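For the sequence shown, counting from 1, position 50 maps to 50 in UniProt numbering; every step adds exactly one. For glycine and all other residues, C-beta sits at the position ideal for the given N, C-alpha and C. No experiment lies behind these values; they were computed from the predicted model shown. Read the structure below first, then the notes.
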Amino acid sequence: MLRRYYGKDITECAFIVGDNCSVNKRLAGLLHVAQVGCENHRLNLAMEELLEESSQDLGSVQALMIKLRSLNQAAKLRLKTLLRPVIYQETRWNSTFIMLERYFKVLEFVKDDADLEDAIPTRAENRRLKALHAELTNVESGTKALQSTKVSMADAHLFLMDSSPCAPRSLSERADIVYAADFEAACVKIQEGRAHQLSRTQKAAVSQLAVREAPATGAASDGAQDAAKRRKTTGSSGDEEESFVELLKSARKAVRGKT
């Protein structure tokens with residue numbers, strides 16, 4: 001297509017910009033280039049499924065927060081704490097996490113208010129809300145770790161599989177939203193050192209990425225072998241950087257320390 005219309009080859013392109021899903025898929029198909037999906041989008045779909053299951057309990061918290069924003073209740077709350085009620089936005093799942101965080105902090109100041117007796121969630125609802133809050137805390141800390149520049153496809157896969165009990169349909173390797181499932185699965189296996197487990201279709205999907213190494217001789221060969229040994233012993237390519245798993249663990253510890 002590029003040669004036909006523009007007299008260019010794909011190897012001469014640095015990047016292609018597109019903001020439409022259908023157009024992007026069509027371009028990837030015409031150029032015979034594998035398309036890697038957005039893991040954050042998949043996670044958002046999974047969170048929608050999770051929150052849908054708890055919509056009734058979350059509705060109770062939302063109703064309480066709206067009531068706390070009324071003139072009289074807001075005045076009473078200001079006498080007890082600097083915290084203000086927060087409501088969630090339907091388009092952003094993390095706003096639900098923020099609302100639950102605020103709810104459990106504000107609850108101790110309003111639980112004995114007779115005017116709010118009917119608006120405060122029941123013990124059973126609070127039990128379910130605490131379990132939901134714990135799940136959202138793990139996901140929230142993980143999404144921050146995913147924003148690191150050190151994250152690979154294998155790291156993202158590890159995080160999504162760790163979150164899969166929430167919504168396995170959206171996070172499955174073979175979910176409908178995954179455009180190039182064999183390519184993504186192959187990349188993950190290679191990055192995890194499991195290239196020997198590639199299926200035929202996965203090998204074909206990543207065949208365009210294959211690089212033939214030139215045979216090294218003499219001192220150059222010895223140097224390459226020494227470098228390979230050093231990489232194996234240090235577990236890195238030279239830079240002493242934190243792994244994604246370490247970043248994820250530290251982020252979750254920081255979040256738990258604040259609660």
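Just reading off the alpha helix (DSSP H) that residue i is part of, what are its end residues?
i: D182; result: 181 to 191
i: V206; result: Run containing V206: none; DSSP gives neither H nor E here.
i: N138; result: 123 to 146
i: G18; result: Unbroken run through G18: none, as it is neither H nor E.
Straight-line CA distance for residue i to residue j?
i: L79; j: Q73; result: 10 Å
i: K8; j: G193; result: 36 Å
i: R42; j: V139; result: 13 Å
i: N44; j: W93; result: 7 Å
i: R84; j: L77; result: 8 Å
i: L100; j: D182; result: 38 Å
i: T201; j: E12; result: 28 Å
i: A149; j: K111; result: First, the amino acid is wrong: residue 149 is Thr here, not Ala. Going by the C-alpha atoms only, they are around 44 Å apart.
i: K203; j: Y5; result: 31 Å
i: C38; j: A195; result: 23 Å
i: residue 260; j: V61; result: Since the first residue shown for the chain is 1 and the last is 259, residue 260 is missing from the structure and cannot be characterised.
i: L116; j: F97; result: 22 Å
i: I120; j: R174; result: 42 Å
i: V206; j: I87; result: 46 Å
i: E49; j: Q56; result: 13 Å
i: F159; j: E53; result: 22 Å
Can you name, in chain order, every residue of its own chain whose Cβ lies under 6 Å from the Cβ of residue i, other than the five neighbours on each side?
i: G238; result: Note that G238 scores a pLDDT of 42, beneath 50, so its modelled location is shaky; the value from the coordinates is reported in the next line. Cβ neighbours of G238 beyond the five flanking positions: none.
i: Q89; result: S95
i: F109; result: K80, T81
i: T122; result: none
i: H133; result: L100
i: R69; result: P85
In its own chain, which residues sit with a C-beta less than 7 Å from the C-beta of residue i, not counting the 5 before and 5 after it?
i: G18; result: N24, L27
Kindly list the residues whose CB is nearer than 8 Å to the CB of residue i, restricted to its own chain and excluding five residues on each side of it in sequence; keep chain order.
i: I177; result: G37, H41, R42, L45, S170
i: M153; result: V36, E184, C187, V188, Q191
Segments assigned beta strand (DSSP E), at least 3 residues, entirely inside the segment 54 to 103: none
Start-end ranges of the beta strand (DSSP E) lying completely within the segment 19 to 43, minimum 3 residues: Secondary structure remark: continuous beta strand (DSSP E) runs of at least 3 residues inside the segment 19 to 43: none found.
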